[in-house]
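So the protein sequences, as listed, match chains L and R.
Quick note on the working numbering: the first sequence kicks off at 1200 and runs consecutively.
Quick note on the working numbering: the second sequence kicks off at 5 and runs consecutively.
Even for Gly, the Cβ is constructed at its ideal location relative to N, Cα and C.
Remember, predicted model here, so these are calculated numbers, not experimental data.
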Amino acid sequence: MSIGEYFNLLWTDYTLRTITLGTAVLGAICGMLGSFAVLRKQSLLGDAISHAALPGIAIAFLITGAKDSNILMLGALVSGLIGTFWIRGMITKTHLKTDTALGLILSLFFGFGMMLLTYIQKQPNANQAGLDKYLFGQAATLVESDVKVMIIVTGICLFVLLLFWKEFKILLFDADYTKTLGFNTRFIDILITFFIVLAIVLGLQTVGVVLMSALLLAPAAAARQWTNSLGLMVILAAIFGAFSGVLGTAISASQNNLSTGPVIVLVASVFVFVSFIFSPGRGLLFREIRFRKNRKDLQLKKTLQFMYGIVKTHDNISHPHAIRILNNFHGFTRGSLRKLEEKHWITLEGQQWALTNEGFKEAEDLYNQQSNNE
Amino acid sequence: MNNPQIEIQLIAAVVAIACAIPGVFLVLRKMALISDAISHAILPGIVIGFFITQDLNSPILILLAALTGVITVVLVEIIQKTKLVKEDTAIGLVFPALFSIGVILIAKNANDVHLDVDAVLLGELAFAPFDRLLISGMDMGPKSLWVMGVILIMTLALLVMFFKELKVSTFDTGLSSALGFSPIILHYGLMSVSSITVVGAFDAVGAILVVALMIAPAATAYLLTSDLKKMLGLSIGIGVFAAIAGYWLAHILDTSISGSMTTVLGLVFLLVYLFAPSKGLLSVLYRQKQQRIEVSLITFLLHLTNHSEENERHINHLNEHINWQKVRSKNVLNLALKNNMITIENKVVSLTNKGQEFTDLAIEYIITNRDENIEHMKDDFFLFRG
C-alpha cells in the first residue's frame, strides 16, 4: 500500500479512519501539553515518565490477566505518577540533582518493567502476546474505544487548560510572583504535571514507552520557533503534533513491519529541523541572512564614516576627492562604493567621489543613533 | 554452578564495574542524562557497523558506534549553542530521532541483521558465553568478556592517570582551566570513554539498562559518602553486587538477566534512599522536624526575654499569642523544660539562668548574622535535641 492509497482509503476504510483520528488526536494533545513541558524546562521528565510507565502496564496485566487497554493504561498512569513524585521527592529531599533523578527513575523503572515483561512472556498464558507493542507502539492496534478515550481525555484536558489558562501561564513565567499573588502554586503545578503524565500514558499504545517523550517535545520545540506567544505556541504545537501523528501512521502503515513510534518521531523531528532553519523570527537561515546584511551595512557605514572624516575639514562638503585617498582604509570595494551611491550618500564621477548632503548627515548622526535604519 | 553460569556472572560484574566508573563522574558533573542520550543514539552506529562487519563484538563496530555517541554529544551541544531551545530539550530532541533511525534500519533489514529490537533494549547476556573467542583454534573464553575486559582496563588506566585532573575539573571547572587542564579535552575524553563503555555494554545489557548501570550505583554511593574515592569504590561494589544478585534473581524467576540486575539496583537504591545515615529521606525528614522545633524553641525563648509581665508569660497566653497549635506548643515547652531553660510556676513560664544565657547568645547570633553554624551552640546547651 502506498501513501497515496492510504489517504484514498482513509475516506472509505473504517479501521484506517479510526487509527488516523486516534494518532491525530494524540499528536494534538501531546503538542498542547508538551508546550508546557518544554517551557517549564521539564522536557526530559516526559522521557522518564514514559519509561516509568512500563512496570505499571506489566503489573496491571499480571493482576487482571486481561489485555484491556484501559486497565493497562490505568496501571501505566499510576506507575508514571509514582515515578514523577519520586523524582520530585529526590530533588527536594536529597542532594541528588534533577538529571540524576530522571535518569534513575527512567532506567530503574524500565529495567523492572522489562523484567516483569520477560516474566510474563514465560507464563503459560496465550493472552500475553502483544504486550511488547508498548515498547515501540503499534497504531494499528487502536480500536474505536481507545480513540474515544483519547478524545474524552483531550476534551477534559482542553477544558482544564482553558479554565486555568491564566494560572498556568503565570506559573510558567514567574513562579514566585504567582505565589505572592496568593495562587496555590503547588496545586497548579501538580495539575499540569498530572496532565502531562496523562498525555504520555495515552500515547504509549501508539508510540511506545521508548520514544513517547519525543512526541511530547518535538512539536512544542518546533512551535516555539514560530511564535513568542504562549497561546499561539500551544495551538501550533497541537497542529504540528497532529500532522506528525497522521503522517507517521500513514508512512508506517504503507510499509511492512515498521513500528509506528519511530516513524512518528522522525516525522516530528523533520518538523523541528525545518522550524529550526526556516522560521522567520528565530530560524538559523534568516538569522544568518540578517547577520550578513548587518555586516554589509556596517561595512558601508564604516566607509561612509571614513569619508566623513576626510570631508569634514573642508568647507564644501561635496568637493570631489580621488578614490585613491581611500586606499589606506581597506574596507571598501567598487561594489560597496556603488551601493553607497545607490543610497544617494555619495556621487561617483570617474576616479573621484563626493559626499552628498544626505550622506554627510547620515555620517554625522551615525553615532547619535538618530538616523532610522531603513 | 556450571561454567557458563560463572562466565555470565563474570561478564555482568565486569560490565558493572566498567559502567560504574564513568557513571560516577557523569552523576557528579550533572550529566547523567547524557548517558541516556548516548545509549539510545549509538543504535544507528551499531546497525551500520553491523552491516559492515557482521560481528557484534568487532572492534571496528565498537569504535564506529562510539563515534556515533560522541557525535550525539556534539550535536546536542550545537543545538544548545543556537539558543533555539534549552539544553534538556536539545538532548530530548536528538536521541529519539537517532534511535528511531536505528529501529527503522533494523526493521527494514530484519533479514540481514541478527539484531532484534528486544536485544537492543535488553541485551542477550544469557547467550554471551556461546560466542567464543577462538585464537588459532584455542578457546580463549567468551568474546564479550574480552571486549569488556579491554574496555575496563582502558577505563581503569585512564582513571588512574587522570584522576587528579578529573577530580579538579569535576568540582571546579574554573580552577582546572586556570591550572592548565583543558576542561574541553577532559569533557570529550569522558564522553568518549562513556560512549565506548556504553557500546561495549550494549551487547550484554541493552540500551536502556546500561543507563541504570551507570547512574544507579553512582547515585546510591553519592547518598552514602561525599568522598570521591569512596564513592568510586562504593559504586563499583554496588554494581558488582547487583550484577551477581541480579543473575541469581533472574535464575530463580526465569526472567531477563539485565532486567533483574536493574531491579536489584533499584531495590538497593530504594533502601539507601530511605535509610542512608545523613542524606537518606528518613534522616532528612527527621532533621527537618528537629530543626523546625528548635527554631520554634528559640522564637519562644526570645518571646520570653522580651516580656517580663506575668500575663504575657502565662501558658495559655503563649498558646494564643504565638499562634501555635497545641501539640507544637507542648513539644516546645517540653523541650525547653528538659533542657532546663525554663521553669513553670503556677502556669507562668520564666527563663532559667541557662535559658537566659542561651537566648542572649542566640540574639547575638541573629543580630550579627555571622556565617558560622548555630549547631555548635545548640550542642553546648542542649541536653536533648528536638
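Residue range of the unbroken alpha helix (DSSP H) whose run includes residue i
i         : result
R:Asp143  : Looking at the DSSP string, R:Asp143 is not in any alpha helix (DSSP H); the run it does join, the beta strand (DSSP E), is Met142 to Pro146.
R:Ser181  : Thr177 to Ala182
R:Arg33   : It is not in any alpha helix (DSSP H) - R:Arg33 carries neither H nor E in the DSSP assignment.
L:Glu1540 : Arg1533 to Glu1541
R:Thr347  : Counting along the chain, R:Thr347 falls outside any alpha helix (DSSP H), though it belongs to the beta strand (DSSP E) covering Ile346 to Glu349.
R:Ser264  : Ile261 to Phe279
L:Leu1301 : Thr1297 to Lys1321
L:Ala1339 : Careful: L:Ala1339 lies outside any alpha helix (DSSP H) and carries neither H nor E.
R:Lys234  : Leu232 to Leu257
R:Gln294  : Leu285 to Asn310
R:Ala225  : Leu213 to Leu228
R:Asp207  : Pro187 to Val209
Cβ-based neighbour list, residue i, same chain, cut-off 6 angstroms, excluding 5 preceding and 5 following
i         : result
R:Leu387  : Asn343
L:Ser1165 : Lying before the first or after the last residue shown, residue 1165 of chain L is absent from chain L, which here runs from 1200 to 1573.
R:Thr309  : Thr363
R:Met218  : Cys23, Gly27 and Ser39
R:Leu274  : none
CB contact check: residue i to chain R, cutoff 8 angstroms
i         : result
L:Asp1388 : no
L:Gly1255 : no
L:Lys1332 : no
L:Val1400 : no
L:Met1313 : yes
L:Leu1435 : no
L:Gly1480 : no
L:Ala1417 : yes
L:Pro1519 : no
L:Pro1323 : no
L:Thr1426 : no
L:Leu1483 : yes
L:Val1396 : no
L:Leu1457 : yes
Cβ of residue i within 8 angstroms of any chain L Cβ
i        : result
R:Phe206 : no
R:Gly145 : no
R:Ala223 : yes
R:Pro132 : The question names Pro, but residue 132 of chain R is Ala in the sequence shown. Not one chain L Cβ lies under 8 angstroms of R:Ala132.
R:Val154 : no
R:Thr259 : yes
R:Met35  : yes
R:Thr174 : no
R:Lys90  : yes
R:Leu163 : no
Host beta strand (DSSP E) of residue i (start-end)
i         : result
R:Gln329  : Element bounds for R:Gln329: n/a, residue is neither H nor E.
R:Val353  : Val352 to Leu355
L:Glu1343 : Looking at the DSSP string, L:Glu1343 is not in any beta strand (DSSP E); the run it does join, the alpha helix (DSSP H), is Glu1343 to Leu1362.
Residues near residue i in its chain [Cβ-Cβ closer than 8 angstroms; skip 5 each side]
i         : result
R:Leu37   : Asp92 and Ile95
R:Gly145  : Glu11, Arg136 and Leu137
L:Phe1393 : Leu1280
L:Thr1502 : Leu1525, Phe1528, Gly1530, Phe1531, Ser1535, Leu1536 and Leu1539
L:Met1349 : Gly1221, Val1224, Leu1225, Ile1228 and Leu1401
Reduced DSSP category for residue i - H, G, I as helix; E, B as strand; rest coil
i         : result
R:Glu368  : helix
L:Ser1570 : Reliability of the predicted coordinates at L:Ser1570 is poor, the pLDDT of 48 falling under 50, and the value obtained from them is presented with this limitation in mind. Three-state DSSP puts L:Ser1570 in coil, outside helix and strand.
L:Leu1561 : Residue identity differs from the one stated: residue 1561 of chain L is Glu in this sequence, not Leu. Helix at L:Glu1561.
L:Gln1551 : strand
R:Arg136  : strand
L:His1513 : coil
R:Val18   : helix
L:Ala1265 : coil
R:His44   : helix
L:Thr1211 : coil
L:His1520 : strand
Own chain residues within Cβ distance below 7 angstroms of residue i, not counting five before or after
i         : result
R:Ala41   : Thr76, Val80, Ile95, Val98 and Phe99
L:Ile1218 : Ala1338, Ala1339, Leu1341 and Thr1448
L:Glu1573 : Below a pLDDT of 50, predicted positions are generally treated as unreliable, and L:Glu1573, at 44, falls in that range; the measurement from the model is reported next regardless. Excluding positions up to five away in sequence, the list is empty.
R:Asn315  : His321
R:Gly284  : Leu227, Val276, Tyr277 and Leu278
R:Val31   : Ile219, Ala222, Ala223 and Tyr226
L:Ser1570 : Model confidence at L:Ser1570 stands at a pLDDT of 48, short of 50, so the residue's coordinates are unreliable and nothing is read from them.
Test item: CB-CB of residue i and residue j under 8 angstroms
i         : j         : result
R:Ile108  : L:Pro1461 : yes
L:Gly1440 : L:Gly1226 : yes
L:Phe1311 : R:Thr267  : yes
L:Ala1257 : L:Leu1315 : yes
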